[in-house]
Amino acid sequence: MCGRLIKEISEMDGAYLTGHPEKRLPTIASFWLEFIDGERLIIELNERGIAASTGSACSSGKLEPSHVLLAIGLNERQAKSGLRLSIGRWTKPKEVEYVIRSLAEIREKYAK
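Numbering-wise (our numbering), the sequence shown opens with residue 11 and increments by one.
Written out as structure tokens, the structure is:
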């Protein structure tokens with residue numbers, strides 16, 4: 011299911027996968043989104059009942075850009091627009107579809 015999440019989000023205009031497309035943990039998807047900052051994105055996702063984080067697990071809960079995303083070559087603006095999603099063993103396909111659909115709606119709202 012994480013593969014589907016990565017594929018669908020990567021195909022959205024303004025969404026960019028961070029890290030290697032295949033050599034990664036099978037349950038984590040990480041992106042930077044050029045159409046919205048991470049803080050606003052988390053608010054939008056939270057309003058839809060979606061739990062997510064901005065940036066790497068190493069920097070969760072911090073407002074400054076992720077040092078991990080900066081280390082892989084993202085600039086400060088990109089690193090502040092990070093999105094990290096985790097798929098668990100009990101995640102259902104319909105939940106993944108809901109996340110994809112929600113991100114598409116958020117993109118439409120902010121990418122003007």
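Here a beta-carbon is modelled for each residue, glycine too, at the ideal position from N, C-alpha and C. All values derive from a computational prediction rather than experimental measurement.
For residue i, which residues of its own chain have a beta-carbon under 8 Å away from its beta-carbon, when the five flanking residues on both sides are left out?
i: Arg50; result: Tyr120
i: Gly98; result: Thr37
Taking the alpha helix (DSSP H) that residue i falls in, what are its first and last residues?
i: Ser40; result: Ser40 -> not in any alpha helix (DSSP H); beta strand (DSSP E) instead, spanning Ile38 to Leu43.
i: Ala25; result: First-last for Ala25: Ala25 to Leu27, but that is the beta strand (DSSP E), not the alpha helix (DSSP H).
i: Glu32; result: Taken as a continuous stretch (DSSP letters only), Glu32 belongs to no alpha helix (DSSP H), as it is neither H nor E.
i: Glu86; result: Glu86 to Ala89
i: Glu54; result: Gly48 to Glu57
Does the Cβ-Cβ distance between residue i and residue j come in under 9 Å?
i: Leu53; j: Ser91; result: The amino acid occupying residue 53 in the given sequence is Ile; Leu does not appear at that position. In this structure, Ser91 does not lie closer than 9 Å to Ile53 by Cβ.
Considering residue i, what are the terminal residues of the beta strand (DSSP E) in which it resides?
i: Arg94; result: Gly92 to Ser96
Can you tell me whether DSSP reads residue i as helix, strand or coil?
i: Ser76; result: coil
Do the stretch 14 to 22 and the stretch 76 to 91 make contact, defined as three or more Cβ pairs closer than 8 Å?
-> no
Given 8 Å as the limit, is there contact between the stretch 99 to 114 and the stretch 53 to 63, that is, 3 or more CB pairs closer than that?
-> yes
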